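Student: Before we start, here is the structure in question, set down as structure tokens.
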Amino acid sequence: MSPEELRFRRKERETRRSELLDAIHAIARRSPEVFEAEAEDLIRRSVWQQTGSDPMFSSKLDRWLKSEYRFETFASILPHDARLERREVEPPSVEHLDARHRQVYDALIEKFDGTKEQPRIHHRWDAATRDQFIILGMIALGGKHGERQSRMVHYLGLGASGSDHLRGSNTVRAAKIALTRHLRSRVPGFTDLFAKATGNGDRRQHRFKDLDVASTVAQYVRSHPASMLLPEPPLTA
Numbered sequence: 003m004s005p006e007e008l009r010f011r012r013k014e015r016e017t018r019r020s021e022l023l024d025a026i027h028a029i030a031r032r033s034p035e036v037f038e039a040e041a042e043d044l045i046r047r048s049v050w051q052q053t054g055s056d057p058m059f060s061s062k063l064d065r066w067l068k069s070e071y072r073f074e075t076f077a078s079i080l081p082h083d084a085r086l087e088r089r090e091v092e093p094p095s096v097e098h099l100d101a102r103h104r105q106v107y108d109a110l111i112e113k114f115d116g117t118k119e120q121p122r123i124h125h126r127w128d129a130a131t132r133d134q135f136i137i138l139g140m141i142a143l144g145g146k147h148g149e150r151q152s153r154m155v156h157y158l159g160l161g162a163s164g165s166d167h168l169r170g171s172n173t174v175r176a177a178k179i180a181l182t183r184h185l186r187s188r189v190p191g192f193t194d195l196f197a198k199a200t201g202n203g204d205r206r207q208h209r210f211k212d213l214d215v216a217s218t219v220a221q222y223v224r225s226h227p228a229s230m231l232l233p234e235p236p237l238t239a
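Be aware that the sequence shown starts at 3, since it is given in our numbering, and climbs by one per residue.
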């Protein structure tokens, strides 16, 4: 690529970012309730995506979001050595997977990334595929503890804790069924991706059946361009 083309692309990206920032400002002015509801999750996801899980900073961020924003700028609470650059997470090393786990991994890649002949791009996923990726990723990132249903419902944008979660519960259930059916159709003899859920209502807990598979899937979703859709894992993970 020539220097002129590089300069042109750089200018195009700067223009796009400037317009996106203007769009955010417009939403904040014209739909403040919408902006307030989405801004906190955007900040949390951005920090997690780029700096990783840091319990001490997470506590500081919680305090800032609740009250200290009145006295401190966001930049002032960031660690001095923090570099807000996208973390490059490598996908799982397939040569270290046994045959069964490799089949599961390949089936998930087909589900979300498509094939060489028919690739899929996360920007063009339908709502069901997006929900399935978020649910799969949150449960996998939860490790042996898995993920609480109320937290998944919240990050799916289907209601706040304590509200009527029937729609959210049905969405989680449908996503798990769709993922399991996909794997059953691709992996001979495959039974279940998820263990039996425990608890009721908001406290219902969802886990992977195989912790090694959960670990592989966690690395896959963290390395995926759509990882920006996922929140920071719970501290128990």
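Where is the CB? At the ideal position from N, CA and C, for every residue including glycine.
Model, not experiment: these values are computed from the prediction.
Could you tell me how far apart the beta carbons of residue 213 and residue 106 are, in whole angstroms, since I believe they sit closer than 8 Å?
Tutor: That pair is no contact at about 13 Å.
Student: In this structure, does DSSP put residue 151 in helix, strand or coil?
Tutor: Reduced to three states, the DSSP call for residue 151 is helix.
Student: Have a look at residue 92 and residue 221 and give me their C-alpha separation to the nearest angstrom.
Tutor: When rounded, the distance between both Cα atoms is 8 Å.
Student: Between residue 219 and residue 110, how many whole angstroms is the CB-CB distance? I'm expecting something under 8 Å.
Tutor: Rounded, the Cβ-Cβ distance is 7 Å, consistent with contact.
Student: Residue 160 and residue 150 look like a contact to me (Cβ under 8 Å); what is the Cβ gap, rounded to whole Å?
Tutor: Actually they do not touch by this definition, with Cβ atoms about 14 Å apart.
Student: Taking one C-beta from the segment 168 to 183 and one from the segment 120 to 127 each time, how about it: are there three or more such pairs within less than 8 Å?
Tutor: In short, these stretches do not touch, since the Cβ pair count stays below three.
Student: Quick one: using the 10 Å Cβ neighbour count with 16 as the cut-off for buried, is residue 196 buried or exposed?
Tutor: Residue 196 comes out buried.
Student: With a Cβ-Cβ cutoff of 8 Å, do residue 29 and residue 37 count as a contact?
Tutor: Yes. Within cutoff.
Student: For the putative contact between residue 139 and residue 232, defined by C-beta atoms under 8 Å, what is the C-beta separation to the nearest angstrom?
Tutor: Right, the Cβ-Cβ distance comes to about 5 Å (below 8 Å), so this counts as a contact.
Student: So residue 141 and residue 209 are supposed to be a Cβ contact under 8 Å. How far apart are they, rounded?
Tutor: That belief holds up - the Cβ atoms of residue 141 and residue 209 are roughly 7 Å apart, short of 8 Å.
Student: Going straight from the alpha carbon of residue 69 to that of residue 158, what length do you get?
Tutor: Straight-line Cα distance between these residues: approximately 26 Å.
Student: Measuring straight from C-alpha to C-alpha, what distance separates residue 33 and residue 26?
Tutor: Each residue's Cα considered, the two are about 10 Å apart.
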